[in-house]
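Report on the structure given below.
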Amino acid sequence: MSEQTTQTLAGTVFEPAPMPDPVITANGNDYMMDARGDLKPVETIKAQYKLEDELVRGEFGFALALSQQVARFKGHGYENLGNFDALLDQKYGVTKGGTKGNKTYATYDGLFQIKVRVQDRLDFGPEMASAKALFDECLNEWSEATRPEMRAIVTNAFDTDREGQINRANVFILLNTESEDPRWLRGQEAIRDAIRVIGSASYLQYRFRKSHSAGWQTVTIDLAKAEAPV
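According to the numbering used here, the sequence shown holds residues 216 to 445 in order.
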């Protein structure tokens with residue numbers, strides 16, 4: 216297999232997922248589809264465009280393979296931890312299964328941990344509009360006396376991302392910001408009433424430390440934070 220179809224990293228061969236062939240043969244001629252869906256004769260396409268196409272398809276194949284591998288790894292991890300939980304339930308005579316909350320599994324020497332973290336998925340109801348109006352009243356009346364950081368806290372709490380989602384971390388910062396103004400307190404009450412748990416999501420966290428006196432490090436499975444092995 217050529218270097219274009221396989222990669223070797225730390226002695227491990229990584230096979231890419233199959234990608235569709237961009238070349239379409241019709242009536243004995245080869246074509247490639249452009250971004251508008253039109254077929255263009257291969258010989259009329261600039262070499263740099265064909266090279267870019269080959270590059271992207273090659274790298275995308277590895278990305279798909281990695282995504283599939285991570286999905287299998289995640290399922291494998293949950294399955295093995297679940298089997299271990301079942302053994303404990305059997306040992307102690309539990310018939311309905313234990314709780315599904317946060318758990319920590321560790322090696323005997325205490326140097327490696329697998330943590331199961333369960334986090335509520337939150338949504339915010341229409342009370343948020345009332346809360347924002349109350350906070351705006353406070354800020355407008357306080358005006359010059361308002362500290363810039365206080366105004367930033369309110370603004371950030373009601374900012375939304377591209378999907379229209381409110382950043383829950385900013386909301387909880389606002390809930391923990393104290394003021395004696397009754398409107399401020401009512402605004403915080405409105406936020407609490409707006410919080411709705413719509414489900415939960417769990418994830419696995421892998422941590423290790425090199426010695427008992429060393430700090431914990433997290434094994435990163437995140438493309439933005441991943442580092443090549445040294």
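We put the beta carbon where it would ideally sit given N, CA and C, even for glycine.
Can you list, in chain order, the residues of its chain whose CB lies under 7 Å from that of residue i, leaving out five sequence neighbours each side?
{"i": "G252", "result": "none"}
{"i": "Q432", "result": "R422, F423 and R424"}
{"i": "T319", "result": "Q328 and K330"}
{"i": "I368", "result": "I388, L389 and T392"}
Thinking C-alpha only, which one of the options is nearest residue i?
{"i": "F387", "options": "L266, N371, R398 and E274", "result": "N371"}
{"i": "K347", "options": "W399, A241, G308 and P231", "result": "W399"}
{"i": "A280", "options": "A232, K255 and D376", "result": "A232"}
{"i": "V434", "options": "N298, Q263 and L326", "result": "L326"}
{"i": "D236", "options": "L389, V271 and L438", "result": "V271"}
{"i": "A250", "options": "G430, T240 and Y264", "result": "Y264"}
{"i": "Q420", "options": "D304, G273, T240 and A321", "result": "A321"}
{"i": "P341", "options": "A262, E395 and F373", "result": "F373"}
{"i": "E352", "options": "I436, A301, T375 and D396", "result": "D396"}
{"i": "V285", "options": "F229, S426 and S428", "result": "F229"}
Tell me which same chain residues have a C-beta within less than 6 Å of the C-beta of residue i, skipping the five on either side of it?
{"i": "D245", "result": "V238 and V257"}
{"i": "S345", "result": "A405"}
{"i": "G276", "result": "P231, A232 and M234"}
{"i": "R401", "result": "L349"}
{"i": "D437", "result": "none"}
Could you tell me how far apart the beta carbons of residue i and residue j are, in whole angstroms, since I believe they sit closer than 8 Å?
{"i": "R332", "j": "Y418", "result": "5 Å"}
{"i": "A409", "j": "M343", "result": "5 Å"}
Near residue i, which residues of its chain fall below 8 Å by C-beta distance, leaving aside the five closest residues on each side in sequence?
{"i": "D268", "result": "P237 and M247"}
{"i": "G316", "result": "V333"}
{"i": "R383", "result": "L337"}
What are the residues that DSSP puts in a beta bridge with residue i?
{"i": "G290", "result": "For G290, which the question treats as bridged, DSSP gives no partner whatsoever."}
Consider the Cβ of residue i: report whether some Cβ of chain D lies at a distance smaller than 8 Å.
{"i": "M247", "result": "Given the protein chain composition of this structure (a single chain), no chain D is represented."}
> Would the region 328-339 and the region 398-418 be scored as touching if the rule is three or more Cβ pairs under 8 Å?
Replying inline: In this structure the region 328-339 lies against the region 398-418, because at least three pairs of beta carbons, one per stretch, are closer than 8 Å.
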